[in-house]
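Asker: Numbering (the working numbering), first residue to last: 1 to 80.
A virtual CB, placed ideally from N, CA and C, is assigned to each residue, including glycine.
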Amino acid sequence: MGRRRKKKVIKIVKPKIPEVFTCPICGSKSLTVKIDKKKQKGKVVCGSCGVSWETEIQGYEEKIDLYHMFFDKFSEGEIV
Ligand SMILES: [Zn+2]
Numbered sequence: 001m002g003r004r005r006k007k008k009v010i011k012i013v014k015p016k017i018p019e020v021f022t023c024p025i026c027g028s029k030s031l032t033v034k035i036d037k038k039k040q041k042g043k044v045v046c047g048s049c050g051v052s053w054e055t056e057i058q059g060y061e062e063k064i065d066l067y068h069m070f071f072d073k074f075s076e077g078e079i080v
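1. With DSSP as the reference, identify every bridge partner of VAL20, one or two as the case may be.
2. Distance, Cα to Cα, ASP72 vs LYS39?
3. Restricting to Cα atoms, I'd like to know which of CYS23, VAL13, LYS7, ILE12 is closest to SER75.
4. Could you tell me the distance, in whole angstroms, from the CA atom of GLY47 to the CA atom of SER30?
5. To the nearest angstrom, how far is it from the Cα of SER52 to the Cα of LYS16?
6. My output table needs one value for LYS41: the three-state DSSP class, helix, strand or coil.
7. Kindly indicate the opening and closing residues of the alpha helix (DSSP H) around SER52.
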């Protein structure tokens, strides 16, 4: 039984939620989402075109959810 234990551990990398999203307005990848769970506020800001959008959150939302909400609002024409 000469099996050596291999030290190499293969890590399973979970798909990460991106920290920066693509801005639906200017198309550049500089849209950041901030979540303040204490104040129950979410904020989406684009570092490129300067659009910013704030909303109330329940506290369980992830950044990606905020992004989708922002995207929906934008699609509805509420964000210019
Ligand atoms: Zn933008």
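Answerer: From the atom records:
1. Sequence index remark: in the sequence shown, residue 20 carries index 20 (1-based). DSSP output for VAL20 lists THR32 as bridge partner(s).
2. Residue mapping note: residue 72 aligns to position 72 of the sequence shown, counting from 1. Residue mapping note: residue 39 aligns to position 39 of the sequence shown, counting from 1. Distance between the alpha carbons of ASP72 and LYS39: 23 Å.
3. Indexing the sequence shown from 1 puts residue 75 at position 75. Ranking CYS23, VAL13, LYS7, ILE12 by Cα distance to SER75 puts CYS23 first.
4. Translated into positions along the sequence shown, residue 47 becomes position 47. Translated into positions along the sequence shown, residue 30 becomes position 30. Taking the straight line joining both Cα atoms gives about 5 Å.
5. For this step, residue 52 is matched to residue 52 along the sequence shown. For this step, residue 16 is matched to residue 16 along the sequence shown. Approximately 24 Å, taken between the alpha carbons.
6. As a working mapping, residue 41 is identified with position 41 in the sequence shown. Strand, per DSSP.
7. Taking the sequence shown and counting its residues from 1, one reaches residue 52 at position 52. Looking at the DSSP string, SER52 is not in any alpha helix (DSSP H); the run it does join, the beta strand (DSSP E), is 52-56.
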